[in-house]
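Numbering of the sequence shown is given in the numbering used here, commencing with residue 4 and proceeding in unit increments. So the structure is just underneath, and the comments pick up after that.
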Amino acid sequence: MSKPIHPTAIAVLYTVTSAFVLAKCVRDRQELGAMSSRVDQARLDRLSDSISES
Numbered sequence: 004m005s006k007p008i009h010p011t012a013i014a015v016l017y018t019v020t021s022a023f024v025l026a027k028c029v030r031d032r033q034e035l036g037a038m039s040s041r042v043d044q045a046r047l048d049r050l051s052d053s054i055s056e057s
């Protein structure tokens, strides 16, 4: 028969998994912010170009 898993081992695995999930969420949020910033900057550049051409 196999040995039962120690509760501390389960806690460590849960903590590590949670840390990775949190890091991915933070990374995705930062990338979304950077993408929004680039889109906004492109719109401003386009607007600036159209105003300067007039």
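By construction, the Cβ of each residue, glycine as well, lies at the ideal position given by its N, Cα and C atoms.
Please list, in chain order, all residues of the same chain as residue i whose beta carbon is under 6 Å from its beta carbon, the five residues on each side excluded.
i	result
GLU56	none
According to DSSP, is residue i part of a helix, a strand, or is it coil?
i	result
ILE13	helix
ILE54	helix
LYS27	helix
Tell me which same chain residues have a C-beta within less than 8 Å of the C-beta of residue i, skipping the five on either side of it?
i	result
PRO10	none
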